[in-house]
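Colleague: Residue numbers (my numbering): 193 to 1211. We put the beta carbon where it would ideally sit given N, CA and C, even for glycine. Computed from a predicted model, the values in this text were never measured in an experiment.
#1: Taking 8 Å as the cut-off, decide whether the C-beta atoms of residue 1177 and residue 1169 are in contact.
#2: For the candidate residues 599, 503, 496, 516, whose alpha-carbon lies nearest to that of residue 509?
#3: Which same chain residues, not among the five before or five after residue 914, have their C-beta less than 6 Å away from its C-beta?
#4: Apart from the five residues just before and just after residue 1167, which ones in its own chain have a Cβ nearer than 8 Å to its Cβ?
#5: From residue 916 to residue 385, what does the alpha carbon distance come to, in whole angstroms?
#6: Only counting the same chain, and skipping five residues up and downstream in sequence, which positions put a Cβ closer than 6 Å to that of residue 748?
#7: What are the residues that DSSP puts in a beta bridge with residue 377?
#8: On a CA-only basis, which of 811, 810, 825 is nearest residue 817? Give me that one, please.
#9: DSSP three-state call for residue 692: helix, strand or coil?
#10: Under a three-way DSSP split, which group does residue 273 fall into?
#11: Would you call the CB atoms of residue 1181 and residue 983 closer than 8 Å?
#12: I'd like the list of long-range same chain contacts for residue 978, defined as Cβ closer than 6 Å, with 5 residues on each side in sequence excluded.
#13: I'd like the span of the alpha helix (DSSP H) that includes residue 654, first residue to last.
#14: Please name the residue, chosen from 310, 369, 592, that lies closest to residue 245 on a Cα-to-Cα basis.
#15: Less than 7 Å between C-beta atoms, sequence neighbours within five positions excluded: which residues of the same chain meet that for residue 583?
#16: Alpha carbon to alpha carbon, how far is residue 523 from residue 530? Give it in angstroms, no decimals.
#17: Compute the Euclidean distance between the alpha carbons of residue 777 and residue 981, then round it to the nearest angstrom.
#18: With a Cβ-Cβ cutoff of 8 Å, do residue 494 and residue 630 count as a contact?
#19: Taking the straight line between their C-alpha atoms, what separation do you get for residue 1194 and residue 492?
#20: Excluding five sequence neighbours on each side, which residues of the same chain lie with their C-beta closer than 6 Å to the C-beta of residue 991?
#21: For the beta strand (DSSP E) containing residue 620, list its first residue and its last residue.
#22: Between residue 885 and residue 788, what straight-line distance do the alpha-carbon atoms span, to the nearest angstrom?
#23: Please report the residue range of the alpha helix (DSSP H) in which residue 1153 lies.
#24: When you compare each of 375, 409, 465 to residue 416 by their alpha carbons, which one comes out closest?
#25: Kindly identify the DSSP beta-bridge partner or partners of residue 971.
#26: Would you decide whether residue 536 is buried or exposed? Buried here means 16 or more other CB atoms lie within 10 Å of its CB.
#27: Mapping the DSSP letters down to three states, classify residue 305 as helix, strand or coil.
#28: In whole angstroms, what separates the C-alpha of residue 1034 from that of residue 971?
#29: So is residue 933 buried or exposed if we call it buried at 16+ other beta carbons inside 10 Å?
#30: Measuring CB to CB, does residue 1080 end up less than 8 Å from residue 1061?
#31: Who are the Cβ neighbours of residue 905 in its own chain at under 6 Å, not counting the five residues just before and after it?
#32: On a CA-only basis, which of 580, 1156, 587 is nearest residue 606? Give me that one, please.
#33: Residue 961 by DSSP, collapsed to three states: which one?
#34: From residue 346 to residue 804, what does the alpha carbon distance come to, in whole angstroms?
#35: Looking at the secondary structure, which residues open and close the alpha helix (DSSP H) in which residue 597 lies?
#36: Which stretch, first to last residue, makes up the beta strand (DSSP E) that contains residue 1139?
Here it is, written out as structure tokens:
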């Protein structure tokens, strides 16, 4: 092998790299370049076109490949992952290592990429020193300039800087970089993501003076009537240049200035700012600091804020705060890990639009530019070190129960002194680079790596280095009882996917806590947003606000991970991997190309800025609670009132000015509009942004409330009352024709065929049109959602996916009013399994063709809760328009309907809802009064006095269950209409607790009546 074996030698984490420092972009003169860094005259961007060669093994490299002319590859763009060049292969693994567990060794067949480019360099007399920066390379890399070895580094998601002045020459220079797919550091980078490789963040050279500021650390401390700011400086070499520091307030006005000279002791500078503006996610006020020396300017920003824990409650600026955050990976379906500034801004704007106020950088530091956007747009950030060794828990164990899992997980790395320096290194790199950002409130030591001496050292160093932030590490709870561990530097009790009962026990049974300290409860991951979900956000919201010590959490996760191809999006197992975890990476609130899923809109409205607490309909007094932490409601929103009757807005108005409602308090606003006099009525209030804020324009809807008005004598929607009392005189008499299996009901312009073996209709012909393409079915199955992945095993064991109908008796008669009545006793069961449901189906066919069905159902409670219960109809494909009165326009379920409201909605079967990337149940609507499926001429309506659910789509549940990708789906050739008495909720059980009992459809007995009306379409 031609290169030093640093990549398997833990004594060489880095070779010839500069000490870690804060991110900044210097310039020769005044200017803010931390985001627009290409505009700095001291910044030389080397991203762009490079030559690239791929090798299956590091042992296949050409001889002396670092020399000029050793070989030329194809032209590629950097930054990028080399999988996007069409080499190597994508792989998705969640917790396991992609190679044998044998640290620090990795396979000899270790793929590598050889990068090379030339660049022009001209020495600047005022800035003769050159520093080469790599902001992200996976997994490790060696560097040569002009054929001379410069250095080596690892830690994929961190900046590595090399002092390269002595390697450069005037004019053209040649930069060669060898990147290895795996190294000993890969054992600490086992994050849940698509595994990709290459130079995925920017590469650039900074020109610096010989005497210059090397690093600085700005720490603000809130004091009475202002803030004390401590600024710690360090310099290159032993000398320090004369200099000046100036601070500007958020309006750009200079508020403090001081100079120093070469002999002054200015490593520590303290100054006081009076009446300063405090930084929060709601008020992201930033101060500018200019650090000027004779030949260089550094301009940066900082915020004045304070985070603390008192009596188990998390405070920001002395105010208790709740995090409604998301976990965020670097992920794009085309560019992979390589994320441009435009992509960053798009994501953060989407987050702002949906009331996200916090981000966990799971599970590694983000690009340094991200943090300036976090600062200015207003996000609370949990900054996480590039550290996860989850795979140490997946090694073979003779006994693999929970106790063994806890006892052995920390042995290989977390509690192994040989790894202390590697863990510390990753923590230091995160802290030192990002230490000046107001948005960063918490340092996280990493993710899912267990706990031990290495993490104790990392937390102790972090606390000593930075006393202005909190320390977080969820893995601290995974330790054996063989010794006493040090948890003294841990500031939060962090959990992943806790069930509701665990949270309640933490606060109400404090003696049962894992740690004795009174720590805030943080959900670093919760509400797994995989596929159709999450469905339990409202319940988590209630608990977050029930307990002061519950500080909120971070949804897993922001975006679906997938790779875009001509066919569609691909995930684990689609790349020919030997080892993969399927679609478990498709678990975001937005699609891979950032189309919001319904779950994101659910999140948005759960975390709306205010909520109605009560209403007095006689006086019009509506009591609102302000859920903002720092902003008076009157300064943040104005209201749009909508009075709704039977799904139609009958009156709306705008109220621009509100009375003062301080944060965390309630206030009364009076509704003076008209109240409907009958029907099913709601008052809807929309919260609109009063003034622009970073990322949002004035008038942006921040959420809404909907409250039901008192029921009138008319009750639910008039259309839902059906045809119980219709005049029969204008319709002809009905006739019944009965055979052993079929009963034919014939009226003036219709013929219905009833199958006595199925207890439902096999034909519905009205006029010249046949509505049913296939017979009606009783239906308890749904295409399992990702969140059904555990309970579906029980459902399938119970035979819910393969039920059969057995009828016992059918009675048919013509009633005195001229209607026909069909009553069947039947059951649903599966092969070799007893009856699941006993059903009495009573069908009443009126002389005008209207059908009323009453289903009385008894369930055998030996069986698990049901996915759903109802009727499935296969309607003529021409019936492709949907109109309904219920909760919309988003899909809605018993535990997932906060983003929906009651109204009349319409759309096309093919376009009103999209299947998920992995097909599953989708597009149902909850609490409906009626629905109508129609075409150019035909119409099919269903209504009920009690709210019901329905779904209309072009795929069967069997097709949705069977296919692995949305692009594989084949339309069934008809419109599939499911009329459901109810469905079970969605939950977040794909990686989390089981569905809450109150959302499990598990009634022992229930009844449902529908009125079904086929006929001509009415305009």
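Modeller: So, from the data block:
#1: no
#2: 496
#3: Its pLDDT being 49, under 50, residue 914 is placed unreliably in this model, and the value from its coordinates should be taken loosely. Cβ within range, chain order: 1135, 1203.
#4: 1066, 1067, 1068, 1069, 1071, 1072, 1101, 1125, 1144, 1145, 1146
#5: Because residue 916 sits at a pLDDT of 45, beneath the cut-off of 50, its placement in the model cannot be relied upon, and the following sentence gives the value as read from the coordinates. Distance between the alpha carbons of residue 916 and residue 385 is about 57 Å.
#6: 519, 717, 720
#7: According to DSSP, which records beta bridges pairwise, residue 377 is partnered with nothing at all.
#8: 825
#9: The answer is helix: DSSP assigns residue 692 an H, G or I state.
#10: The three-state reading of DSSP puts residue 273 in coil, since its state is none of H, G, I, E or B.
#11: yes
#12: 722, 723, 1182
#13: 645–657
#14: 369
#15: 287, 288, 289, 293, 382
#16: 8 Å
#17: Distance from the CA atom of residue 777 to the CA atom of residue 981, rounded to whole angstroms, is 14 Å.
#18: yes
#19: 59 Å
#20: Residues of the same chain with a CB within less than 6 Å of the CB of residue 991, apart from the 5 flanking positions on each side, are 1022, 1025 in chain order.
#21: Element bounds for residue 620: not the beta strand (DSSP E) but the alpha helix (DSSP H), 612–626.
#22: Taking the straight line joining both Cα atoms gives about 21 Å.
#23: 1149–1154
#24: For residue 416, the closest of 375, 409, 465 by C-alpha to C-alpha distance is 465.
#25: 1062
#26: buried
#27: Look at residue 305 here: in three-state DSSP terms it is strand.
#28: The alpha-carbon atoms of residue 1034 and residue 971 are separated by roughly 17 Å.
#29: exposed
#30: no
#31: Below a pLDDT of 50, predicted positions are generally treated as unreliable, and residue 905, at 47, falls in that range; the measurement from the model is reported next regardless. Here the set comprises nothing.
#32: 580
#33: strand
#34: 52 Å
#35: 594–600
#36: 1130–1145
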